[in-house]
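The structure appears below as structure tokens.
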Amino acid sequence: MKIDIISVVPDLLESPFAHSIMKRARDKGLLEVNCINLREYTTYARAQVDDYQFGGGAGMVMMVEPLVNAIESLQESTVYDEVIYLTPDGKTFDQKMANHLSLKNNLLLICGHYKGIDQRVRDHFITKEISIGDYVLSGGELAAAVLVDAIGRLIPGVLNDETSALTDSFQDGLLAPPVYTRPVIFRDWKVPDILLSGNHAKIEEWRHEQALKNTAEKRPDLLP
Ligand code: 6GU
15 MKIDIISVVP DLLESPFAHS IMKRARDKGL LEVNCINLRE YTTYARAQVD
65 DYQFGGGAGM VMMVEPLVNA IESLQESTVY DEVIYLTPDG KTFDQKMANH
115 LSLKNNLLLI CGHYKGIDQR VRDHFITKEI SIGDYVLSGG ELAAAVLVDA
165 IGRLIPGVLN DETSALTDSF QDGLLAPPVY TRPVIFRDWK VPDILLSGNH
215 AKIEEWRHEQ ALKNTAEKRP DLLP
């Protein structure tokens, strides 16, 4: 999968994909992430990419021309399955969307800043608008990093143990059960006996019960 990201602060996107699972995905050639600096596509003086909004009001708007130049230039060499605008008024991102997007070949992400992007870009180029939650970030970059991470780890072959994504919270609509590792006893806190029993059927049953209990306590809205 290839993910191209248009940003006015591409430096913000260097570190998130340079470590851990994202690094491995890129090293294995399963995920390609390119950050494109929008300022390279403006024809305005001093690399200007934003301007005052028509009708008045506080806050700058990202101009249509640099964005369209950048998008169309990238589209000359890539057919994108989705052109996604990261914006707080988009559809809230969830695991279902991550699963769906992980099956695509090419994604183009556009990070908004200031008051957002000129509506004409949204009308004519954007195929999906995504938010990562009901709060406002200074720009779309951190949201883009969240998307790429959530999607990237679902690409087949990225995780070492292919089953581990299947047992993540949300993957079956429930929160994950508690997990334990060595030592068996720390202070007087013992790992539940069932996990040491070697009875895999019983362990799975226990995990499912715990997942239901966790979900009922912390996120009852997820239960039918
Ligand atoms: Cl995608 N962008 C910004 N600027 N703020 C957000 C967001 C996105 N999602 C939640 N808050």
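Just so we're aligned: the sequence shown equals residues 15 to 238 in my numbering. For every residue, glycine included, the Cβ atom is placed at its ideal position computed from N, Cα and C.
(1) Please report how far the alpha carbon of E218 lies from the alpha carbon of V205, in whole angstroms.
(2) Measuring straight from C-alpha to C-alpha, what distance separates D175 and F107?
(3) Just verifying my parser: in three-state terms, what is the DSSP assignment at M77?
(4) Measuring only the C-alpha atoms, how far is P192 from P234?
(5) Contact check, V75 vs Q62 under 8 angstroms by CB: the rounded distance?
(6) Following a CB-centred definition, is L115 positioned closer than 6 angstroms to any heavy atom of ligand 1?
(7) Sorted by chain position, which residues of the same chain lie with C-beta nearer than 8 angstroms to G154's C-beta, five sequence neighbours on each side aside?
(8) Less than 7 angstroms between C-beta atoms, sequence neighbours within five positions excluded: which residues of the same chain meet that for N113?
(9) Just to confirm before moving on: does the CB-CB distance between E79 and K142 stay below 7 angstroms?
Short version:
(1) Cα atoms of E218 and V205: separation of roughly 16 angstroms, rounded to the nearest angstrom.
(2) D175 and F107: Cα-Cα distance of roughly 25 angstroms.
(3) M77: coil per DSSP, three-state reduction.
(4) About 17 angstroms.
(5) About 12 angstroms; that fails the 8 angstroms criterion.
(6) Between ligand 1 and L115, a heavy atom-to-CB distance of less than 6 angstroms is absent.
(7) Residues S21, Y99, L100, T101, L123, I124, C125, G126 and H127 of the same chain have their beta carbon placed closer than 8 angstroms to that of G154, with the five preceding and five following residues left out of the count.
(8) Here the set comprises L168.
(9) It is not a contact, given that the beta carbons lie outside the stated cut-off.
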